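Okay, structure first, notes after.
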Amino acid sequence: MSEIYTKVAQEKCIACGLCQIKAPAIFDYTEVGIAFNQLDQNQGSQTIPTNLTDEFKAAYLICPTHAILRASKPF
Ligand code: SF4
Numbered sequence: 001m002s003e004i005y006t007k008v009a010q011e012k013c014i015a016c017g018l019c020q021i022k023a024p025a026i027f028d029y030t031e032v033g034i035a036f037n038q039l040d041q042n043q044g045s046q047t048i049p050t051n052l053t054d055e056f057k058a059a060y061l062i063c064p065t066h067a068i069l070r071a072s073k074p075f
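Numbered per the numbering used here, the sequence shown spans residues 1 to 75.
Spelled out as structure tokens, the structure:
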């Protein structure tokens with residue numbers, strides 16, 4: 001499987017909470033509920049560990065505003 005990098009496009013995030021439910025090891029929230037990738041402070045610079053791939057995909061698919069970005073290279 002190719003590497004996955006992710007970051008949250010925070011201007012699109014509506015603070016719904018779903019990504020943190022699906023992928024608590026990856027996504028966390030600011031004090032106002034906006035999500036970010038806690039693995040690399042939302043820089044999208046660190047590949048997602050393979051043991052977290054399934055939960056990442058669940059979060060990616062459920063985000064209602066498509067705020068979760070993914071790429072095969074660092075952002
Ligand atoms: S699922 Fe999407 S809209 Fe909801 S908190 Fe996460 S990034 Fe924001």
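Just so you know, even glycine gets a beta-carbon here, dropped at the ideal spot from N, CA and C. Only a predicted model underlies this, so the values are computations on that prediction, with no experimental measurement involved.
*First and last residue of the uninterrupted alpha helix (DSSP H) at Asp40*: Neither: Asp40 is in no alpha helix (DSSP H) and is coded neither H nor E.
Could you pull out every residue in the same chain whose Cβ sits closer than 8 Å to the Cβ of Gln10, ignoring the five residues on either side in sequence? Ile34, Ala35, Phe36, Asn42 and Ala67
Does the distance between the C-beta of Thr50 and the nearest non-hydrogen atom of the ligand NAP fall short of 7 Å? As far as ligands go, the structure on display features the ligand SF4 and does not contain the ligand NAP.
In whole angstroms, what is the alpha-carbon distance linking Pro49 and Asp28? 16 Å
Suppose only complete runs of 3+ residues qualify. What are the beta strand (DSSP E) ranges in the stretch 1-26, listed by chain order? 5-8
Exposed or buried, Lys73, counting other C-beta atoms within 10 Å across all chains shown (16 or more means buried)?
exposed
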